Amino acid sequence: MMRRPTHQDPQSTVFYDLSSLVLTLLRSPTLPVSASSPPRLPPKITPSGVASLMFGISLAMMLCGSVTFLIGFMLMPWAIGFVVVLYIVGLVSGISMLARALLCHITAVASRSRKDLPGLGAGWLAGSSDMTQ
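Using the working numbering, you'd call the opening residue of the sequence shown number 18 and step up by one each time.
As structure tokens, this is what we get:
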């Protein structure tokens with residue numbers, strides 16, 4: 018008998034459970050139990066029984082896959098909208114950083130040019146206090 022995997026992702030656990038179920042069904046099909054009848058050997062599974070079992074398994078997997086596809090298809094516009102919102106936020110953030118850098122540069126250049134001009138810098142304020150005396 019196969020041992021149950023430990024510390025694995027849920028998908029492999031599901032596949033393990035499915036394969037153990039199939040192997041159990043193939044080894045010993047269920048028999049009606051009655052107290053009066055003696056135990057019998059289990060009947061062998063026929064090729065048509067194996068085919069119908071495989072058909073049922075594949076049908077169940079297709080239905081589960083279809084449901085998963087529909088859920089993904091319905092959530093895809095939300096995911097695309099979220100990506101677009103994040104893109105716009107990044108664009109606005111980039112533009113604001115660029116504008117802040119330009120404004121800081123312009124104000125730094127303007128304050129430096131005021132200090133260099135006679136009569137507009139800090140010397141002018143110191144000189145005006147001398148004139149009032």
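Note that the Cβ used here is the ideal one computed from N, Cα and C, for glycine as well.
Since we're looking at a predicted model, the values are computed, not measured.
- Cβ-Cβ distances below 8 Å link L35 to I74 in the same chain, with the five nearest sequence neighbours on each side left out; the list follows chain order.
- Between L42 and L76 the beta-carbon gap is near 15 Å, outside 8 Å, which marks them as no contact.
- Taking C-alpha positions only, F86 is separated from P94 by approximately 14 Å.
- In this structure, the straight-line span from the alpha carbon of M79 to that of S110 is close to 45 Å.
- Counting only the Cα atoms, L115 lies some 20 Å from S128.
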